[in-house]
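S.K.:
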Amino acid sequence: MKKLLCMLASAGLAAGAFAAGATPATTTEAQARVKLPQAREIALKAFPGKIVKEELEKEQGGSGLRYSFDIANGKATHEVGIDAVTGKLLENSVEGKDSD
Numbered sequence: 054m055k056k057l058l059c060m061l062a063s064a065g066l067a068a069g070a071f072a073a074g075a076t077p078a079t080t081t082e083a084q085a086r087v088k089l090p091q092a093r094e095i096a097l098k099a100f101p102g103k104i105v106k107e108e109l110e111k112e113q114g115g116s117g118l119r120y121s122f123d124i125a126n127g128k129a130t131h132e133v134g135i136d137a138v139t140g141k142l143l144e145n146s147v148e149g150k151d152s153d
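For the sequence shown, my numbering gives the first residue as 54, with consecutive numbering after it.
Encoded structure:
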């Protein structure tokens, strides 16, 4: 009986830790008033091409929450940042060779 209780307690702790780890991303997405499809559209208007990388991140500038897109068009790759709360263009710069 003690063994069963110990296993159940361990499973409960593991499930709680997993759920806690998943919460920040969900919270970040909930804070974004501008949704990903709309942010993609804004970014591609700023720099037409193919999106090769995208992420929602907390970063200084604007509201502090932004979508970051790496967009390639054959000549260059640009990093385009869109404020996830206001939809404003925050960044449109050539991606450096040593950028991640």
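C-beta atoms are modelled at their ideal positions from N, C-alpha and C, and glycine is treated no differently.
So, L118 versus T80, is the Cβ gap smaller than 8 Å?
M.R.: Cβ atoms of L118 and T80: not closer than 8 Å.
S.K.: Can you tell me whether R119 is helix, strand or coil according to DSSP?
M.R.: Reduced to three states, the DSSP call for R119 is strand.
S.K.: When burial is assigned at 16 or more other CB atoms within 10 Å of the CB, is G114 buried or exposed?
M.R.: Label assigned to G114: exposed.
S.K.: Mind checking which residues open and close the beta strand (DSSP E) that includes K111?
M.R.: 103–111 is the extent of the beta strand (DSSP E) around K111.
S.K.: How long is the line joining the alpha carbons of V133 and S116, rounded to whole angstroms?
M.R.: Whole-angstrom Cα-Cα distance: 16 Å.
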